[in-house]
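Here's the structure, in structure tokens; my notes come after.
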Amino acid sequence: MSTMILATDLDGTFLAGDPENRQRLYQLITAHQGIKLVFVTGRGLEVVVPLLSDPAIPRPDYIICDVGATLVDGETLQPVYPVQSEINACWPGDLTIVEALKGFPGLERQEVPQQRRCSYFCEPGAVTDKLKQTIEGLGCDMLFSAGIYLDCLQRVNKGTTLQRLIEHLQLARR
20 MSTMILATDL DGTFLAGDPE NRQRLYQLIT AHQGIKLVFV TGRGLEVVVP LLSDPAIPRP
80 DYIICDVGAT LVDGETLQPV YPVQSEINAC WPGDLTIVEA LKGFPGLERQ EVPQQRRCSY
140 FCEPGAVTDK LKQTIEGLGC DMLFSAGIYL DCLQRVNKGT TLQRLIEHLQ LARR
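Take a look at the structure:
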């Protein structure tokens, strides 16, 4: 039996739309053992975990969250190694980033759980070349979204982590 990976965002996609169509999709995924379901989200794992207790939603085989900084097994919620180790090795640490950004005006650290990223509320105009250079100098990427959210991330994203998971699974099948 061949394996197909179905990787899906959650907000506005897998959890949205017509309820009847959603149920048909969920039943199709559950009925076909060859489908490996991967939830891919910018949100933290603590937001995804409550979804796992909903019997109507298929249990994912893998979860990529924190904008790609966290990869866990969907059944055990344990990190997928060695991919997670590679991600961890690139992270300079929260304290390093907070210290480097504390002098920049218009940034307020978000009070949400954050793994291998630092998330801020950002005032208009606070994103400057100097801010971007400082973040890049830490070996991180800057993600500015919706005109108010600024994330300082290690150089991974949802797509690169999904690609590493696919490579990891191909190696595991050999």
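Note that the sequence shown ends on residue 193 in the working numbering; no numbers are left out. All residues carry an ideal CB built from backbone N, CA and C; glycine is no exception. Values in this document were obtained by computation on a predicted structure and should not be read as measured data.
Rounded to a whole number of angstroms, what is the C-alpha to C-alpha distance between Cys159 and Gln182? 19 Å
Just curious, the beta strand (DSSP E) that Tyr139 is in, first and last residue? Arg136 to Cys141
Considering only the alpha carbon of each residue, which of Gln133, Pro98 and Ser104 lies closest to Leu114? Gln133
State the Cα-Cα distance for the pair Ile167 and Leu70, rounded to the nearest angstrom. 27 Å
Does the structure place the region 41-61 close enough to the region 72-91 that three or more beta carbon pairs sit under 8 Å? yes
Which residue spans inside the region 86-170 form an unbroken alpha helix (DSSP H) run of at least 4? 102-108, 113-120 and 148-156
Leaving aside the five residues before and after Ile24 along the sequence, list all residues of the same chain whose C-beta is less than 7 Å from its C-beta, in chain order. Lys55, Val57 and Ile185
Thinking C-alpha only, which one of Gly87, Gly53, Gly63 and Tyr45 is nearest Asp73? Tyr45
In the DSSP assignment, find the beta strand (DSSP E) that holds Leu29 and state where it starts and stops. First-last for Leu29: undefined, no H or E at that position.
Per DSSP, what are the beta-bridge partners of Gln57 in this structure? Position check: residue 57 holds Val in this sequence, whereas Gln was assumed. DSSP output for Val57 lists Ala26 and Tyr81 as bridge partner(s).
Within 10 Å of its beta-carbon, does Ala88 have 16 or more other beta-carbons around it, so buried, or fewer, so exposed? buried
Nearest-angstrom Cα separation, counted from Ala50 out to Asn176: 30 Å
The alpha helix (DSSP H) enclosing His13, as first and last residue numbers: It is not possible to answer for residue 13, since the shown part of the chain is limited to 20 through 193.
Arg183 - containing alpha helix (DSSP H), residue span: Lys177 to Arg192
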